[in-house]
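>
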Amino acid sequence: MGSFERKTIALFRRLFRSSLSGYVALLTGLVSIGLVFGYASDSMYGVDHGINLIAYWHVPLALVGGLALTVTFAGCVLYLVTGTRFWEHLAHASGELGFIFATLTLVTGSAWGRVIWNTWWDWSDIRLVTFLFVWFIYAGYLIIYSGAGAGARVSRLASVYGVVGFVTVPISYASTRLWTARLHAPSVGNPDAEAAISAEVLLVSLVAILFLYVYLLGSRVRLHELTTRIDAMKTRHKRETYKSAEGD
């Protein structure tokens, strides 16, 4: 492990040990709830309905979910290059959170779409279909990684899968600009967008979910490292017990 890598990992560990991200997530989360229910308009796409308020969490969940899967990709690449277990732990922890955020994105999007577009799901919508594909890809990554206890070979296989599978993420997020969107027309940089989302409220919600991700990521990575140390102690104890038994 090089000096730069050690310093980078040490920086990450200091960040993950800090409780600041948790406090910021809690504070901005409470502010987000207050703004969504007390300030934001529930009128979107020509429909006045309370379900529209779910957009202020649906959109940040999708964005932070994409960020989490990008971190997984970076962690997989770094693990394959360096073989350092920290990057493997970071990739898997972020992959778990990205998968959870992707699941919540699909659930909240379906609930929102049921009212706005009168359908839970539409197979002709390119964003829905590509995002579901991303969900299946990362479900596969987590399934493969669950067998990583078998050794480094499985860990490397999961990392290769995480690198290759990442191609689906940018395709999904760019899908509405690459192909004609039936339901999810681009709202950013699109003057004809019908959704009237308050940028200020959306930003607060985005910050809240982003810091929640950082807090959960740190907790999960620390748990990974603790589990690794315990497993190493168990293995060492078994070896010492075996040698002691041979000596007798």
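Heads up: the sequence shown begins at 30 in our numbering, then just goes up one per residue.
Even glycine gets a Cβ: it sits at the ideal position worked out from N, Cα and C.
Keep in mind the model is a prediction, meaning the values are calculated, not measured.
Do the region 238 to 250 and the region 133 to 144 touch if we need at least three Cβ pairs shorter than 8 Å?
Inter-segment contact for the region 238 to 250 and the region 133 to 144 is absent: fewer than three beta-carbon pairs are separated by less than 8 Å.
> Just verifying my parser: in three-state terms, what is the DSSP assignment at glycine 72?
It should be noted that the sequence gives serine, not glycine, for residue 72. The answer is strand: DSSP assigns serine 72 an E or B state.
> Under a Cβ-count criterion, where at least 16 other Cβ atoms within 10 Å of its own Cβ denotes burial, should leucine 255 be classed as buried or exposed?
Exposed is the call here.
> Near histidine 121, which residues of its chain fall below 6 Å by C-beta distance, leaving aside the five closest residues on each side in sequence?
Within the same chain, histidine 121 has close Cβ partners Tyr174.
> Do phenylalanine 45 and glycine 94 count as a contact pair if the criterion is CB distance below 8 Å?
Against a cut-off of 8 Å, the Cβ pair of phenylalanine 45 and glycine 94 comes out as no contact.
> Could you pull the start and end residues of the alpha helix (DSSP H) that phenylalanine 130 belongs to?
114 to 145
> Taking the continuous alpha helix (DSSP H) assigned at serine 153, which residues delimit it?
Element bounds for serine 153: n/a, residue is neither H nor E.
> Kindly say whether threonine 197, judged by its beta-carbon, lies nearer than 8 Å to any beta-carbon of chain C.
Annotation note: the requested chain C is absent from the structure, which comprises a single protein chain.
> From the DSSP output, read off the bridge partner residues of aspartate 17.
The displayed coordinates of the chain run from 30 to 277. Any statement about residue 17 would go beyond what the structure contains.
> Between which residues of its own chain and phenylalanine 160 is the CB-CB distance below 6 Å, once the five residues before and five after are set aside?
Ser201
> Quick check on valine 198: does DSSP put it in helix, strand or coil?
helix
> Just confirm the distance between the C-beta atoms of serine 50 and tyrosine 244, as a whole number of angstroms; I'd bet it's less than 8 Å.
4 Å
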